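Written below as structure tokens is the structure these notes are about.
Numbering (mature numbering (1 follows the signal peptide of the UniProt record, and there is no 0)), first residue to last: -34 to -1, 1 to 555.
Here is the structure:
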């Protein structure tokens, strides 16, 4: 009988265990069915093979890098920026086309843009709730509600975006990247567009290089030369060389520069420059973006600010530095751009940096910001790059495998290429495509070509045949180190070239034209293609027809009459363009 009781007890225990197991399985199944599916955002898994080489061109991450990478510590700090989708984007695109058509229009204020095209407050609150539940803190929403920044860790990133972060070595530094797509719950898929800050391996770099003053000729050398020559220039020279004449300075127009690091020395050197040239001091403001350190100096920002002032005729209303932290992630750069646009104080914004477009995880977010800039009547100018047609490999010749940089390839920015500027005494003589040839393992030459990721805007498809992709640059100005700018860095004169000179020259000129036209000019791309492609006045535009931006048997893109993918339509004469604008009321108005 005791055996019978024991047997019944054992059977009952088995039934209890089985029942419990079934209950657990059923609960798990119901939870799985009730949970939302994860949906990928536009932030895809990091591709190490796409990262361009180092500055020296000697190394680039291989596809095996992530295979040997280790998981990032779960408590490693990871600051993220969530980019939200525009609302009524199709309507916005139509409005931008209307603005760019030359028809009479009223630009939007930031508040109007947010009301019409920004995410709703309810949508923002939904995303904020998701981030909070995942463990994020210091959550901040941008004024246009298009970006949400937050502080978290590897663990919170994994919980919020169902992705894994791994670390590895690049250029002697430890970086990290997401090895899977950044995802969000399905209910957020119609709201969230991108998640920035999940990788630090692919970031922008500046486009400039130094030519020792001891080897750089000066304008005085040109005056004694019997033939046109490339010589170094005080940035004020560009105002004269590009034909400003009596065009007013940019004293009524504020300019923005997107930067990173510390701008203390930048402002000090700008004051040294204005004092040395008997110019009035320039009003400046530094707006630091993000919570990271802002301590490192970079001569790039001296080149930008002093060249802008020089090309603007010696005066601008104000220069505002929208300043990202030392560690210039794509997220911090987008936030700097967005601050410049949502503040809506500056008419022109300079960006003297970029990266190979295949590694830029911020393309969509950047385009969103640039669209708002156009809607508000602002213009973003971007250097086209210093690697010729070899942006991906850092200027190292790579056969016929041509690549371009972002954000220059954005359809919503003016891409500025580089020329070599020849002067005859103190007068403009001619320009060629900037290409200094091979230096070590890489070339120094103007970036230009065709995007593989971004579609050609309508104003390009009607003026340029042969490509459905965004072609660049749009225009070009001096970038050759041998005809470069002589600026102050740390109190001493130095000489620099690069498309980081070309873009500031355009920014100074465009600010000048804005002041001459009561700051009524909008984004000029459509007008440039409409009028310059059919222009018969050879003195209005300096058409560059000599040179290329490749190397050896792979010349890249060869200059020709009209637009080309090395210098765009070329440079222009300031006073004649100003007269042309006044005679053609639909030009960029």
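Ideal placement from N, C-alpha and C gives every residue a C-beta, glycine not left out.
The structure displayed is predicted, hence computed values, not measured ones.
Where DSSP assigns a beta bridge to residue i, which residues make up the other side?
{"i": "residue 388", "result": "396"}
{"i": "residue 226", "result": "290"}
{"i": "residue 49", "result": "113, 160"}
{"i": "residue 151", "result": "4"}
{"i": "residue 142", "result": "133"}
{"i": "residue 43", "result": "119"}
{"i": "residue 106", "result": "115"}
{"i": "residue 507", "result": "538"}
{"i": "residue 381", "result": "348"}
{"i": "residue 173", "result": "In the DSSP output, where bridge partners are listed per residue, residue 173 has none listed."}
{"i": "residue 199", "result": "451"}
{"i": "residue 285", "result": "221, 250"}
{"i": "residue 473", "result": "Beta-bridge pairing links residue 473 to no other residue."}
{"i": "residue 520", "result": "517"}
{"i": "residue 270", "result": "Looking at the DSSP assignment, residue 270 forms no beta bridge with any residue, so it has no partner."}
{"i": "residue 530", "result": "534"}
Closer than 6 Å by C-beta to residue i: which residues in its own chain qualify, once you throw out the five before and the five after it? Chain order, please.
{"i": "residue 104", "result": "117"}
{"i": "residue 453", "result": "268, 269, 272"}
{"i": "residue 110", "result": "80, 84, 308"}
{"i": "residue 429", "result": "495, 499"}
{"i": "residue 492", "result": "66, 425"}
{"i": "residue 335", "result": "303, 304, 307"}
{"i": "residue 62", "result": "340"}
{"i": "residue 337", "result": "378"}
{"i": "residue 284", "result": "220, 249"}
{"i": "residue 102", "result": "116, 118, 122"}
{"i": "residue 265", "result": "455"}
What residue from the options has the CA that sits closest to residue i's CA?
{"i": "residue 176", "options": "449, 328, 362", "result": "449"}
{"i": "residue 322", "options": "292, 290, 368", "result": "368"}
{"i": "residue 325", "options": "357, 346, 309, 310", "result": "357"}
{"i": "residue 9", "options": "59, 163, 89", "result": "163"}
{"i": "residue 402", "options": "375, 371, 423, 444", "result": "444"}
{"i": "residue 381", "options": "318, 334, 364, 404", "result": "318"}
{"i": "residue 411", "options": "446, 457, 63", "result": "446"}
{"i": "residue 515", "options": "62, 355, 204, 227", "result": "355"}
{"i": "residue 72", "options": "241, 465, 344, 280", "result": "344"}
{"i": "residue 194", "options": "392, 523, 539, 431", "result": "392"}
{"i": "residue 206", "options": "555, 538, 461, 128", "result": "538"}
{"i": "residue 143", "options": "451, 78, 327, 172", "result": "327"}
{"i": "residue 361", "options": "376, 342, 387, 413", "result": "413"}
{"i": "residue 150", "options": "140, 123, 541, 490", "result": "123"}
{"i": "residue 390", "options": "120, 314, 197, 169", "result": "197"}
{"i": "residue 90", "options": "43, 108, 366", "result": "108"}
{"i": "residue 98", "options": "136, 46, 74", "result": "46"}
{"i": "residue 178", "options": "488, 461, 513, 106", "result": "461"}
{"i": "residue 620", "options": "422, 364, 129", "result": "Since the displayed the chain opens at -34 and closes at 555, residue 620 lies outside it and no answer follows."}
{"i": "residue 371", "options": "415, 364, 545", "result": "415"}
Throw me the rounded Cβ distance for the residue i and residue j pair, which I believe falls under 8 Å.
{"i": "residue 55", "j": "residue 153", "result": "Actually they do not touch by this definition, with Cβ atoms about 20 Å apart."}
{"i": "residue 622", "j": "residue 533", "result": "As shown, the chain starts at -34 and ends at 555. That puts residue 622 outside it, with no answer to give."}
{"i": "residue 235", "j": "residue 455", "result": "6 Å"}
{"i": "residue 201", "j": "residue 316", "result": "Incorrect: roughly 14 Å between the Cβ atoms, too far for contact."}
{"i": "residue 294", "j": "residue 226", "result": "4 Å"}
{"i": "residue 352", "j": "residue 523", "result": "With 8 Å as the limit, residue 352 and residue 523 do not qualify as a contact, their Cβ atoms being about 15 Å apart."}
{"i": "residue 132", "j": "residue 38", "result": "6 Å"}
{"i": "residue 480", "j": "residue 313", "result": "5 Å"}
By Cβ distance, which residues of its chain are closer than 8 Å to residue i, with the 5 residues on each side in sequence left out?
{"i": "residue 511", "result": "525, 526, 527"}
{"i": "residue 556", "result": "Since the displayed the chain opens at -34 and closes at 555, residue 556 lies outside it and no answer follows."}
{"i": "residue 548", "result": "483"}
{"i": "residue 238", "result": "454, 457"}
{"i": "residue 51", "result": "85, 156, 157, 158, 159"}
{"i": "residue 330", "result": "8, 49, 159, 160"}
{"i": "residue 421", "result": "377, 434, 435, 436"}
{"i": "residue 541", "result": "209, 210, 211, 212, 213"}
{"i": "residue 4", "result": "128, 149, 150, 151, 152"}
{"i": "residue 166", "result": "141, 142, 143, 293, 295"}
With a threshold of 7 Å on Cβ separation, who are the neighbours of residue i within its own chain once the five nearest residues in sequence on each side are excluded?
{"i": "residue 567", "result": "Residue 567 is absent from the model: the chain starts at -34 and stops at 555."}
{"i": "residue 82", "result": "54"}
{"i": "residue 468", "result": "349, 382, 383, 384, 442, 443, 444, 445"}
{"i": "residue 229", "result": "252, 267, 287, 289"}
{"i": "residue 140", "result": "133"}
{"i": "residue 21", "result": "Annotation note: pLDDT 40 at residue 21 (below 50); position unreliable, no value reported."}
So, does the CB of residue i fall closer than 9 Å to a CB anywhere in chain B?
{"i": "residue 512", "result": "Protein chain content of the structure displayed is limited to a single chain, and chain B is not contained in it."}
Hey, is residue i close to the ligand PLP, as in C-beta under 8 Å from one of its heavy atoms?
{"i": "residue 491", "result": "Because no ligand of any kind appears in the structure shown, any question about the ligand PLP cannot be addressed here."}
What beta strand (DSSP E) runs, 3 residues minimum, are completely inside the region 385 to 469? 393 to 399, 401 to 405, 408 to 411, 415 to 421, 435 to 438, 441 to 444, 451 to 455, 458 to 463
Please list the segments of the alpha helix (DSSP H) lying wholly inside the region 293 to 373, counting only runs of 4 or more residues, in order along the chain. 296 to 309, 329 to 341
Could you tell me which whole beta strand (DSSP E) segments of length 3 or greater appear in the region 209 to 268? 216 to 226, 250 to 254
Counting only runs of 4+ residues fully inside the region 66 to 90, write out the alpha helix (DSSP H) ranges in chain order. 76 to 83
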